[in-house]
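Here the structure comes first, spelled out in structure tokens, and everything after it is commentary.
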Amino acid sequence: MVKRGLFHRVILGCKKKPFKVFVSTFIAYAAIWTLLDPLLSMVSSAQKYFSGELKFFILVLVSSLIGLGKTALPGEITLQYANSTIKVVFDDLFASDGFKVVPVSRYFHEIEVIPTSLQNKIIQMFVQSAEGSKGSEAYEKSLSSALQSTKYEEIYRPATNREEKYYPLGTTIPLGLNGDDYLLFALTDTELKGYIPHDNCSVSKMWVALEIFWQNARIHSRGSSLNIPLIGSGVTGIRLNQNQILELNLLSIANAIEEGGKITTEEIRIVLHSKYMEIIDLNDFQDLWK
Numbered sequence: 180m181v182k183r184g185l186f187h188r189v190i191l192g193c194k195k196k197p198f199k200v201f202v203s204t205f206i207a208y209a210a211i212w213t214l215l216d217p218l219l220s221m222v223s224s225a226q227k228y229f230s231g232e233l234k235f236f237i238l239v240l241v242s243s244l245i246g247l248g249k250t251a252l253p254g255e256i257t258l259q260y261a262n263s264t265i266k267v268v269f270d271d272l273f274a275s276d277g278f279k280v281v282p283v284s285r286y287f288h289e290i291e292v293i294p295t296s297l298q299n300k301i302i303q304m305f306v307q308s309a310e311g312s313k314g315s316e317a318y319e320k321s322l323s324s325a326l327q328s329t330k331y332e333e334i335y336r337p338a339t340n341r342e343e344k345y346y347p348l349g350t351t352i353p354l355g356l357n358g359d360d361y362l363l364f365a366l367t368d369t370e371l372k373g374y375i376p377h378d379n380c381s382v383s384k385m386w387v388a389l390e391i392f393w394q395n396a397r398i399h400s401r402g403s404s405l406n407i408p409l410i411g412s413g414v415t416g417i418r419l420n421q422n423q424i425l426e427l428n429l430l431s432i433a434n435a436i437e438e439g440g441k442i443t444t445e446e447i448r449i450v451l452h453s454k455y456m457e458i459i460d461l462n463d464f465q466d467l468w469k
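In our numbering, each number is its position in the sequence shown, counted from 1, plus 179.
Below you can see the structure in the form of structure tokens.
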């Protein structure tokens, strides 16, 4: 994923709040004029080169640039809650420092999952980490080792025509690959390609899963940063818009801090895909959570 730059954020800001461009430009122009005019009057030689149309053009240009900059949608915000730092940032989850959190199916051992899911991303990273079938074997071995003491149900699945291990909501396991740390936690009923139900998750199930996840994250993070995606989007089937889902993510973090104290000594980051920049204005959350 390519991180969207300032130009793109300026364009989106202008589309969403065109009046703000005018107001910000006018304020900048008035402020610069107020400061610059008395300074120029004290330096008579400067007035020869900086006056008339040239002066007006430069002032308008500079003020417009400032106005556009003020209108740009933020690429990230930092929120302070209790004694914890929470960041919301548009970036690449898998390029972030610290633990990368990946919501997966309660059938942890699913392999043929939909290509767009984060579960598929982590599977493919393991597959590509070694030649032939060794990558897939390493993934299965890592899962089995991490889940060996976790309770599960054996459920027959018509989709795969066999019994499979079905784990409780919120089951959380750590995985490591090439020096990077990951936390996988059970959120959806399935991510199996071609078999995604419309009620793959719900708000109440998501809340339960997140409560359990944050309890486990406090244990596993070991003082490292935690990076979570927009949990509840994608194939969950949750019928909320992205702004409401982000609010739920923030509330789950706040609830975990209230109930159990600081989760990690480092930052908690909600890492948003750049496609959500056209939908989510982080200014709204900055104002709401300050």
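From the three backbone atoms N, C-alpha and C, an ideal C-beta is built for every residue, glycine too.
In the three-state DSSP reduction, K279 falls in the strand class (E or B).
Between the stretch 378–387 and the stretch 243–263, the count of Cβ pairs shorter than 8 Å is below three; the stretches do not touch.
Between I459 and Q421, the C-beta gap is smaller than 7 Å, which places the two residues in contact. Rounded to whole angstroms, the gap between the alpha carbons of G184 and A338 is 43 Å. Taking H377 as the centre and dropping the five residues before and after it, the same chain places the C-beta of G416 closer than 7 Å to its C-beta, in chain order.
DSSP places Y335 outside any alpha helix (DSSP H); the residue lies instead in the beta strand (DSSP E), whose first and last residues are 332–336. Nearest neighbour of N357 by Cα position, chosen from S308, Y374, C193, turns out to be S308. With a cutoff of 7 Å on beta-carbon distance, Y346 and K279 are scored as not near each other. The DSSP assignment places complete alpha helix (DSSP H) segments of no fewer than 4 residues inside the stretch 298–380 at 313–326, in order along the chain.
Excluding sequence positions up to five before and after N406, its CB lies within less than 7 Å of the CB of L272, S275, G277, F278, K279, V280, R448, V450, all in the same chain and listed in chain order. 7 Å or more divides the Cβ of L238 from the Cβ of I206.
In the displayed model, Y208 falls within a helix according to three-state DSSP. The alpha-carbon separation between G192 and T250 amounts to approximately 5 Å. M221 and A209 have their C-alpha atoms some 19 Å from each other. Rounded to the nearest angstrom, the gap between the Cα atoms of V267 and L429 is 9 Å. Counting every other CB atom within 10 Å of its CB across the protein chains shown gives V202 a total below 16, marking it as exposed. E426 is the residue among E426, T444, K454, E437 whose C-alpha sits nearest the C-alpha of D466. I442 is positioned such that its CB atom lies no closer than 7 Å to that of K372. Listed as beta-bridge partners of N406 by DSSP are K279, R448. Contact annotation: F392 and T351 have beta-carbon atoms nearer than 7 Å. DSSP places F269 in no alpha helix (DSSP H) but in the uninterrupted beta strand (DSSP E) bounded by 263–269. Rounded to the nearest whole angstrom, the C-alpha separation of K344 and K194 is 49 Å. For I256, the enclosing beta strand (DSSP E) covers residues 255–260.
Here the C-alpha atom of I302 lies approximately 27 Å from the C-alpha atom of E445.
As for any alpha helix (DSSP H) of minimum length 4 sitting wholly inside the stretch 406–439, the runs are 421–439, ordered along the chain.
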